[in-house]
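Below you'll find the structure, written out as structure tokens, and then a few comments.
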Amino acid sequence: MTSRPWRGRRQPSKRSARAARRRAAGALESGIGRWPTSWPIASNGSRPGSGRKATRGWPGRPTPVSRSTRCWSTSWATTSGTAVPDPTLDVLAERIRRRVRDIPDFPQPGIVFKDLTPVLSDAELFSAVVRQLADDFSSHDVDLVVGIEARGFIFAAPVALHLGTGFAPVRKPGKLPYRTRRIEYALEYGVDALEAHVDAVQPGQRILLIDDVLATGGTALAAARLLEQLGGRVVAAAFVLELAFLGGRQRLSAFPVHSLVKYTAG
């Protein structure tokens, strides 16, 4: 009997592998496996992640708010720093703003802390935030989503599931168990540091960086430099809230910056 020569299995391309991961993520969101069943059904009858219509919609979406509230709208920054508003997202921005709680003099006197826990406790709003962040980067060919300690983890991990990518944390020193790479960065009154596992990033991976709030931009900039030292490429950064009056966006001019709610005054 004549045997056929073994030709081996053709290795999938990077793009096809990424598409397969996204299909797997879509399957989870359609109810296969252990994805939560409480995610809302979009108005077209599909579940989140099954298409761009589904990820932009949520039940009972109200009429967009008036122009006077559009200072809170979602915006992109080009490399020149020009913000491009998207008025279709004003409703979500207003919903977030209404739930954010201001805590004066926390964690120290003179600081007004933006508390996002009321947003997280609202299941529908939390899922809408995650879906919007994921939808905004669905065309960016993201390979890895990285969250900055600690509240950045809360948003980055579910966004990674929606995009069909892995997740990696960037943490304060001494919080990661394996071998780490460290970067120090200057604060107004001292020096701080961030760490990531040495194998958190594969060479050439396209990274989406996520945190809850963009303030001065120092922490996000340090995180981006750390990831690039590990061989990755930060293609965008996303934040739920942006304190625009602190100028953090200008410090991150090397890549697009995205925020859902922008505060233009303290």
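The sequence shown begins at -7 in the numbering used here and counts up by one. The beta-carbon is built from N, C-alpha and C at its ideal position, and this holds for glycine as well.
request  = Identify the continuous beta strand (DSSP E) that holds Ala236 and give its terminal residues.
outcome  = For this step, residue 236 is matched to residue 244 along the sequence shown. Taken as a continuous stretch (DSSP letters only), Ala236 belongs to no beta strand (DSSP E), as it is neither H nor E.
query = Using the C-alpha atoms, what's the distance from Ile103 back to Asp97?
reply = Within the sequence shown, numbered from 1, the residue matching residue 97 stands at position 105. Within the sequence shown, numbered from 1, the residue matching residue 103 stands at position 111. Their backbone Cα atoms lie some 5 Å apart in a straight line.
task = Determine, using beta carbons only, whether Ala188 and Leu206 come nearer to each other than 9 Å.
result = Here residue 188 refers to the residue found at position 196 of the sequence shown. Here residue 206 refers to the residue found at position 214 of the sequence shown. Taking 9 Å as the Cβ cut-off, Ala188 and Leu206 do not qualify as a contacting pair.
message = Cutting at 6 Å between CB atoms, please list the residues of its own chain near Ala257, excluding the five before and the five after it.
response = On the sequence shown, position 265 is the one that residue 257 refers to. These residues qualify, in order along the chain: Phe237.
message = For a quick check, are the C-beta atoms of Ala160 and Ile175 less than 9 Å apart?
response = Your numbering for residue 160 matches position 168 in the sequence shown. Your numbering for residue 175 matches position 183 in the sequence shown. For Ala160 and Ile175, no; Cβs fall outside 9 Å.
message = Suppose the cutoff is 6 Å on Cβ atoms and the five residues either side in sequence are ignored; what does the same chain contact list for Thr70 look like?
response = If you number the sequence shown from 1, residue 70 lands on position 78. Residue placement at Thr70 is poorly supported in this model, since its pLDDT is 40, which falls under 50; the coordinates still yield a value, given next. Hits under 6 Å: none found.
task = Answer yes or no: do Leu168 and Ala152 have a C-beta to C-beta separation smaller than 9 Å?
result = For the purposes of this step, residue 168 is taken as residue 176 along the sequence shown, with counting starting at 1. For the purposes of this step, residue 152 is taken as residue 160 along the sequence shown, with counting starting at 1. No. Outside cutoff.
request  = Give a yes or no on whether the C-beta atoms belonging to Lys224 and Ile199 are separated by under 9 Å.
outcome  = For the purposes of this step, residue 224 is identified with residue 232 of the sequence shown, where counting begins at 1. For the purposes of this step, residue 199 is identified with residue 207 of the sequence shown, where counting begins at 1. A quick correction: the sequence has Gly, not Lys, at residue 224. For Gly224 and Ile199, yes; Cβs fall inside 9 Å.
query = Applying the criterion that 16 or more other CB atoms from any shown protein chain within 10 Å of the CB defines a buried residue, is Gly139 buried or exposed?
reply = Indexing the sequence shown from 1 puts residue 139 at position 147. Gly139 is buried by the Cβ-count criterion.
key: Under the three-state DSSP convention, the category Ala207 falls into   = For the purposes of this step, residue 207 is taken as residue 215 along the sequence shown, with counting starting at 1. Note: Ala207 maps to coil in three-state DSSP.
query = Taking the alpha-carbon positions, what's the Glu180 to Val253 distance?
reply = The residue you call residue 180 lines up with position 188 of the sequence shown. The residue you call residue 253 lines up with position 261 of the sequence shown. For Glu180 and Val253, the distance between alpha carbons rounds to 25 Å.
task = Can you tell me which of the three DSSP states Glu279 falls into?
result = Nothing can be reported for residue 279, as the shown portion of the chain is limited to -7 through 258.
ask   = Going by the CB atoms, is the gap between Ala214 and Val226 shorter than 9 Å?
value = Residue mapping note: residue 226 aligns to position 234 of the sequence shown, counting from 1. Residue mapping note: residue 214 aligns to position 222 of the sequence shown, counting from 1. Cβ distance not < 9 Å, so Val226 and Ala214 don't count as in contact.
inquiry  = Nearest by alpha-carbon distance to Ala126: which of Ala149, Phe247, Asp82 is it?
reply    = One-based indexing of the sequence shown puts residue 126 at position 134. Checked all of Ala149, Phe247, Asp82; the closest Cα to Ala126 is Ala149.
inquiry  = Checking the sheet assignment: what are the DSSP bridge partners for Asp107?
reply    = As a working mapping, residue 107 is identified with position 115 in the sequence shown. Partner(s): Arg93.
query = Out of curiosity, what's the CA-to-CA distance linking Tyr255 and His132?
reply = Numbered from 1 along the sequence shown, position 263 holds the residue referred to as residue 255. Numbered from 1 along the sequence shown, position 140 holds the residue referred to as residue 132. Computed Cα separation, rounded: 26 Å.
inquiry  = Just to confirm the assignment, what range does the beta strand (DSSP E) spanning Ala178 have?
reply    = Numbered from its first residue, the sequence shown carries residue 178 at position 186. Residues 172 to 179.
request  = State the Cα-Cα distance for the pair Ile146 and Asp82, rounded to the nearest angstrom.
outcome  = Here the question's residue 146 lines up with position 154 in the sequence shown. Here the question's residue 82 lines up with position 90 in the sequence shown. When rounded, the distance between both Cα atoms is 23 Å.
request  = Evaluate Val190 with the Cβ neighbour count: other Cβ atoms within 10 Å of its Cβ, from every protein chain shown; 16 or more gives buried, anything less gives exposed.
outcome  = As a working note, residue 190 is residue 198 in the sequence shown. With fewer than 16 Cβ atoms within 10 Å of its Cβ, Val190 is classed as exposed.
ask   = Taking the continuous beta strand (DSSP E) assigned at Ala188, which residues delimit it?
value = Numbered from its first residue, the sequence shown carries residue 188 at position 196. It spans 182 to 189 - the beta strand (DSSP E) in which Ala188 sits, taken as one unbroken run.
query = Hey, how far is the Cα of Gly182 from the Cα of Glu141?
reply = To locate residue 182, count along the sequence shown from 1; it is residue 190. To locate residue 141, count along the sequence shown from 1; it is residue 149. Taking the straight line joining both Cα atoms gives about 19 Å.
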